[in-house]
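Only one structure is covered here, and it is reproduced in the block below.
Numbering (the numbering used here), first residue to last: 85 to 453.
As structure tokens, this is what we get:
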């Protein structure tokens with residue numbers, strides 16, 4: 085066991101919006117965990133709402149009091165007795181996909197909400213309530229990923245804070261993998277101009293797909309096309325004529341919906357789903373609140389369409405995504421369409437949270453611990 089300090093600074097969230105940096109004991113490594121010295125934590129668009137308890141879904145609760153947040157980039161500080169793959173000093177990603185080792189149905193988004201059933205809530209509260217907005221975090225082995233610093237920082241010239249994009253992208257890569265996107269296939273992504281969906285465009289493009297990005301704003305679509313040369317864009321009106329307009333690009337092999345909760349009931353979903361070719365695939369990856377899919381049953385049946393929901397990701401998806409980044413296929417800097425909008429010291433976390441409300445596609449805010 086490495087020699088760790090006795091206490092550390094951590095952002096303690098005592099109730100929604102009631103947080104402060106305080107001194108608290110440094111966690112100890114237990115079986116199934118590692119202690120990570122945190123370098124950077126991620127702020128994205130929903131992070132301020134998680135902090136203040138104002139997320140659109142009232143069931144997204146947290147077991148107060150707790151150490152706020154994840155994901156993070158850091159270095160291994162100490163390892164548990166059953167750890168074999170990590171060593172102190174190693175650069176790692178700590179992701180937010182929290183699952184019970186003996187039951188994959190017990191899952192939560194670490195630092196964002198504690199699940200929807202009592203078993204999961206108890207699992208989070210009793211074992212994994214404390215997140216990564218601290219000088220040290222005890223992280224599950226299953227949520228900790230080694231990063232090749234020589235390749236990523238030395239060869240590719242990335243900054244360690246750039247690697248925080250890996251905190252979001254596995255969700256998107258997982259959705260694309262689950263519907264078996266292949267190089268050369270044509271994929272419609274809509275609405276494609278948001279914070280979350282812009283990452284889907286980047287990942288699909290890196291996978292070799294022909295990307296058609298759909299959205300309502302011509303200006304935003306043009307900006308997206310400037311970030312990702314080679315993609316095609318289409319302005320979606322929600323009218324039935326959109327189907328033919330989408331299909332004018334050729335056969336649509338797959339459609340990935342990344343609509344936020346604000347897009348609930350928006351009619352683009354119907355036309356986008358109807359545009360997919362016979363035998364095509366659809367991935368529902370967004371946060372719409374529709375109680376039923378706005379799609380004719382017979383159209384899906386006759387056209388042999390596969391509809392797949394996707395929530396979070398599997399270990400193989402994170403592993404595959406990291407390989408893409410380490411190989412330089414998916415760039416996490418300006419060359420790849422990504423940017424760190426702003427970096428803040430830990431004591432200015434409140435400013436960082438507010439700045440997080442301003443981020444757009446491909447941009448994140450970073451807090452340096």
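Every residue gets a Cβ at the ideal spot worked out from N, C-alpha and C, and that includes glycine.
Less than 6 Å between C-beta atoms, sequence neighbours within five positions excluded: which residues of the same chain meet that for residue 85?
Residue confidence is low: residue 85 scores 47 on pLDDT, short of 50, so the model does not pin down where it sits. No coordinate-derived value is stated.
Using only CA atoms, which one of 120, 349 and 384 lies nearest to residue 364?
Of the candidates 120, 349 and 384, the one whose C-alpha sits nearest the C-alpha of residue 364 is 384.
Which residues mark the beginning and the end of the alpha helix (DSSP H) in which residue 381 is found?
Note, residue 381: alpha helix (DSSP H), 381–386.
Which ranges would you report for the alpha helix (DSSP H) in the region 338–391 if only whole runs of at least 4 residues count?
Segments of the alpha helix (DSSP H) lying fully in the region 338–391: 352–358 and 381–386.
Looking at C-beta atoms only, is the number of pairs between the region 172–181 and the region 141–156 that lie closer than 8 Å three or more?
Short answer: they touch.
By the three-class DSSP mapping on this structure, what secondary structure does residue 85 have?
Because residue 85 carries a pLDDT of 47, less than 50, the predicted location of this residue cannot be relied on, and no value is offered for it.
Since I believe residue 172 is in contact with residue 190 (beta carbons under 8 Å), could you give me their beta-carbon distance rounded to a whole number of angstroms?
The Cβ separation is near 30 Å, so there is no contact.
Can you tell me whether residue 442 is helix, strand or coil according to DSSP?
DSSP places residue 442 in coil when its eight states are reduced to three.
Would you kindly report the start and end of the unbroken alpha helix (DSSP H) that includes residue 331?
Residue 331 -> alpha helix (DSSP H) spans 325–331.
Give me the Cα-Cα distance between residue 104 and residue 427, rounded to the nearest whole angstrom.
If you take the alpha carbons of residue 104 and residue 427, they lie about 19 Å apart.
According to DSSP, simplified to helix, strand and coil, what is residue 244?
Looking at residue 244 - three-state DSSP - the assignment turns out to be helix.
Please confirm whether residue 118 and residue 228 have their CB atoms less than 8 Å apart.
Yes. Within cutoff.
Once DSSP output is grouped into helix, strand and coil, what is the label at residue 269?
Note: residue 269 maps to coil in three-state DSSP.
Please report how far the alpha carbon of residue 233 lies from the alpha carbon of residue 429, in whole angstroms.
The straight-line gap from Cα to Cα measures roughly 23 Å.
May I ask which residues mark the beginning and end of the alpha helix (DSSP H) holding residue 254?
Looking at the DSSP string, the run of the alpha helix (DSSP H) that includes residue 254 is 253–262.
Going by other Cβ atoms of all chains shown within 10 Å of its Cβ, with 16 needed for buried, is residue 413 buried or exposed?
With fewer than 16 other Cβ atoms within 10 Å, it is exposed.
Rounded to the nearest angstrom, what separates residue 450 and residue 440 at their Cα positions?
Roughly 9 Å between the two C-alpha positions.
Should residue 376 be labelled buried (16 or more other beta-carbon atoms within 10 Å of its own) or exposed?
It counts as exposed.
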